[in-house]
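Chains as they are written, first to last, in my numbering: chain X, 1 to 397; chain Z, 398 to 461; chain B, 462 to 717. Even glycine gets a Cβ: it sits at the ideal position worked out from N, Cα and C.
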Amino acid sequence: METMQTERASHMEYMEGMEQIDSDILDKVISARNAYQTYAYTPQDVKNALSAEHLGIEDFAALLSPAAEPFIEEMAKKAQIETAKHFGNSVYMFTPIYISNYCENYCVYCGFNCHNRIHRMKLAPEEIEKEMAAIANTGLEEILILTGESRAQSDVGYIGEACKIARKYFRMVGLEVYPMNSDEYGYLQKCGADYVTVFQETYDSDRYETLHLGGHKRVFPYRFHAQERALKGGMRGVAFAALLGLSDFRKDAFATGLHAYYIQRKYPYAEISFSCPRLRPITTLTSEGEEEVVSVEGEGVSERQLLQIMCAYRLFMPFAGMTISTRERAEFRDHVVGMAATKISAGVSTGIGSHSEEVEEQGDNQFEIADGRDVAEVFAALKERGMQPVMNDYVYV
Amino acid sequence: MTINGEKKELSGRVSLSELLAQEGFRLERIAVELNGEIVPKAAYADTFISEADKLEVVSFVGGG
Amino acid sequence: MGEDKFILGGKEFQSRFILGSGKYNVELIKAAVENAGAEIITLAVRRANSSGEGNIVDFIPEGVTLLPNTSGARNAEEAVRIARLSRELGCGNFVKVEIMRDSKYLLPDNQETVKATGQLTKEGFVVLPYMYPDLNVARDLADAGAAAVMPLAAPIGSNKGLATREFIQILIDEIDLPIIVDAGIGRPSQACEVMEMGAAAVMANTAIATAGNIPLMASAFRRAIEAGREAYLAGLGRVRESGGEASSPVTGFLRD
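This is how it looks when you write it as structure tokens:
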């Protein structure tokens, strides 16, 4: 794959129509990621980080290092205290809604990628409305709207319509769609969107290049600056993530934390949150039309390591929100909310048109989920553990 | 004219450098504001004082 | 320790002790500066007396950077005027902006301080604003071009120590400029503590000026500030929280 690189367009060059903003955050994050020596930290560094009142960047690096693995118990206890300080017993609930799975990108690890032979579809506005009504009936007040990354099939106007419909049924509307320009984020904010999630996938630029072979997503810096453009457009919050396992997960988690850290310093009013996805197998169709589950080559991340990363995020940025993915099994999810995570999804399907019985045709899934519980089940499980499920605490003024 | 809030009689046409010398100021330790505008040291000799002028002469003192 | 330089307005300093020169006899200045190891000394600007004798500048050792303040200013406009006069006095372009509308507590007016900082930065000054430790104001000061931020620890001259500790810590953590703690530090131990917290420097005046032995107290502060700085650089050791650690594990659910 590397040998082909010269024949592909540079992943560092902007394409036509992509807004460029003045920001030094990319350089800061990438140079810090490159300089991060994960094996240079000692148990003493980890102990110092665990006893610090305010964690610095070096403390964060120590907590993500292999030296911190034996301290997972102490990290978890301290994270639990910090989470309780900032969020009490509250756990926010939401569900994602996939409104389109058309995609113009070729990301080798993703079930929606444009070369993957899957059933494609997009919901018409009346179908979106039916789906959202069905979701709102479960009691949820927050929704996350997702699309595959296709400007042609799901343009900004289409997403805007989905936001307007969502605003009728929900009090909080998140977006996880392709990166766009700040004026487009501004438009979607006016349509009702509150926050924007963009996964950088990996902050390892060379690895990124080999994983994102085509499409707008190939442009690494444009994706990197999405959160900043979203805030310039007027969004209230932004979320960050690396897809853990695509490259050195410790370095990617370090870069994710720093990315959020520098954005927070530059835009102190922004609400910051993290997602912590691990790489999962994807479903594809064989040439005979049979479904087949495929794992993408990457570095495995254990549950223990995932928890280490989540606790490190929590201790580095105690005030940040954190979402636990349905990629993880129910028991893991139930334990990490209140410990490090603050937000949990329920009643999740990563396919299209699966919430309402009235919407018949269903598009294929983006990835396999591990926790298929519905809203009532997750709600009950949280109560069981002494947590307080919160549908929404944001009041529009 | 007025220097640091005190009235002074002018004895004919007098330049700022002459006036400051007459009053006993050490030029290297002061700064001067004439009617609210700072006068650079190089301009003292060419600046002439009239009856209506207000002069502030300042220097450093101890302070925290 | 040789590598630990304090850089302010493009100048390099070894000392992190900024000495105030108010409230004591000018003849003690030299001994105070020498015992403090200070490389920066603050001054005020006032109407000159015509004799010109006993001018404080004559008593300050060579090579010490003068930091004029704008004390007496009640708004941004007056502060700018005093700053311009201080530069005309020919001792460099550093200025400590200090604006007070309150003569009882001598608390700084943060809003006017932001205005004056912006204007003086445009005019080429190295601006060190004295302020009440408010994070939003500190950000505004950084945006306005300040070279450092000087939050107060307690009211000027009160010698009450770190009354604003939590808020100064927030500035140290959040602002990418040197934080110089100014006003209210009454004892060397308090100066030491604020340096341990990560402050870039300490400014003190009354605590030294009102000591029984001025040169000896200047020396005590120097050593406290150095000790605090070294402790900060060394990284404070681990202190176990009281009550020991909870015994039941919380990570037993992990599978791999």
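Cβ atoms of residue j and residue i: under 8 Å apart, would you say?
i: X:M172; j: X:N392; result: yes
i: X:R327; j: X:A370; result: yes
i: X:F319; j: X:H86; result: yes
i: Z:G402; j: B:A505; result: no
i: B:R508; j: Z:V436; result: no
i: B:A607; j: B:E573; result: no
i: B:L528; j: Z:A428; result: no
i: B:A652; j: B:G689; result: yes
i: X:A241; j: X:S275; result: yes
i: X:L258; j: X:I57; result: yes
Counting only beta-carbon separations shorter than 8 Å, does residue i have a partner in chain B?
i: X:N48; result: yes
i: X:Q413; result: The structure shown does not extend to residue 413 of chain X, since chain X is modelled only from 1 to 397, so the question has no answer here.
i: X:Q153; result: no
i: X:A76; result: yes
i: Z:E430; result: yes
i: Z:R426; result: yes
i: X:H119; result: no
i: Z:I435; result: yes
i: X:Q80; result: yes
i: X:L244; result: no
i: X:E73; result: yes
i: X:S86; result: This sequence places His at residue 86 of chain X; Ser is not what is there. No, no contact with chain B.
i: X:M310; result: no
i: X:H259; result: no
Using only alpha-carbon positions, find the residue among the options that is nearest to residue i.
i: B:E500; options: B:I490, B:R508 and B:P612; result: B:I490
i: B:A624; options: B:E654, B:D601, B:E635 and B:R600; result: B:E654
i: X:V91; options: X:A341, X:H355, X:A376 and X:V348; result: X:A341
i: Z:E420; options: Z:Y441, Z:K438, Z:A442 and Z:I400; result: Z:I400
i: X:Y39; options: X:S31, X:Q153 and X:E69; result: X:E69
i: B:G645; options: B:N536, B:T582, B:D637 and B:Y593; result: B:Y593
i: B:G647; options: B:S619, B:A692 and B:V494; result: B:S619
i: B:E627; options: B:S650, B:D595 and B:N516; result: B:D595
i: B:A603; options: B:S476, B:I629, B:Q580 and B:D637; result: B:D637
i: B:G659; options: B:A668, B:G673 and B:G696; result: B:G696
i: X:E19; options: X:R229, X:C107 and X:Q37; result: X:R229
What residues from chain A crowd round residue i, counting only those whose CB sits closer than 8 Å?
i: Z:N401; result: Looking for chain A here will not work: the only protein chains present are X, Z and B.
Applying a beta-carbon distance threshold of less than 9 Å, which residues of chain B neighbour residue i?
i: Z:F455; result: In the sequence as presented, Phe is not what sits at residue 455 of chain Z; that position holds Val. Near Z:V455 (Cβ distances below 9 Å), the residues of chain B are V506, R507, R508, A509, I543, L546, S547, E549 and L550.
i: X:A270; result: Per Cβ cutoff of 9 Å: no residues; X:A270 is ~13 Å from chain B at best.
i: X:L315; result: Ordered by position in chain B, no residue passes the 9 Å Cβ test against X:L315, which lies about 14 Å from the chain.
Are any of the Cβ atoms in chain X nearer than 8 Å to that of residue i?
i: B:P639; result: no
i: B:V575; result: no
i: B:G704; result: For B:G704, the predicted structure reports a pLDDT of 47, less than 50, and the residue's modelled location is therefore unreliable. The matter cannot be settled from this model.
i: B:M462; result: At B:M462, the pLDDT of 47 sits below 50, so the modelled position is not reliable; the number obtained from the coordinates is stated separately. So no, B:M462 is outside the interface.
i: B:V655; result: no
i: B:P616; result: no
i: B:V711; result: yes
Starting from residue i, find everything on chain Z with Cβ-Cβ shorter than 9 Å and list it in chain order.
i: B:P529; result: F457 and G460
i: B:V598; result: Simply none; closest approach about 21 Å.
i: B:G481; result: G459, G460 and G461
I want to verify the contact list: residues of chain X whose CB lies under 8 Å from the CB of residue i, in sequence order.
i: B:T625; result: Here the premise fails: no neighbours, minimum Cβ distance about 16 Å.
Kindly list, in the order they appear in chain B, the residues whose Cβ is closer than 8 Å to that of residue i.
i: X:R265; result: E635 and D637
Against chain Z, does residue i count as a neighbour if the rule is that its beta carbon must be under 8 Å from one of theirs?
i: B:A672; result: no
i: B:L469; result: no
i: B:N666; result: yes
i: B:T526; result: no
Which bits of chain X does residue i rub up against, with CB to CB less than 9 Å?
i: B:R716; result: S302, E303, R304, R329, E331 and F332
i: B:G606; result: Those within 9 Å of B:G606 in chain X number zero; the least Cβ separation is about 17 Å.
Could you list which residues in chain Z have their beta carbon closer than 8 Å to that of residue i, in chain order?
i: B:I517; result: F457, V458 and G459
i: B:S564; result: The contacting residues do not exist; B:S564 stays about 15 Å from chain Z at best.
i: B:Y485; result: G459
Strictly below 7 Å CB to CB, what residues from chain B border residue i?
i: X:M12; result: Simply none; closest approach about 27 Å.
i: Z:E420; result: S511
So with CB distances below 7 Å, who are the chain Z contacts of residue i?
i: B:S532; result: G460
Handout entry: Complete runs of the alpha helix (DSSP H) confined to the segment 309-375 of chain X [at least 4 residues]
Key = 330-336
Problem - Start-end ranges of the alpha helix (DSSP H) lying completely within the segment 508-544 of chain B, minimum 4 residues - result: none
Practice task
Pick out the complete alpha helix (DSSP H) segments inside the segment 154-217 of chain X, 4 residues or longer, and give them in chain order.
Solution key: 156-169, 182-191 and 205-211
Practice task
Counting only runs of 4+ residues fully inside the segment 101-151 of chain X, write out the alpha helix (DSSP H) ranges in chain order.
Solution key: 125-136
Exercise for the section: Quick one: which unbroken alpha helix (DSSP H) runs of 4-plus residues sit fully inside the segment 583-625 of chain B? Chain order, please. Expected result: 596-605
Exercise for the section: Identify every run of the beta strand (DSSP E) within the segment 482-509 of chain B, keeping only runs that are complete inside it and at least 3 residues long; order them along the chain. Expected result: 501-508
Handout entry: Segments assigned beta strand (DSSP E), at least 3 residues, entirely inside the segment 211-253 of chain X
Key = 212-214 and 237-242
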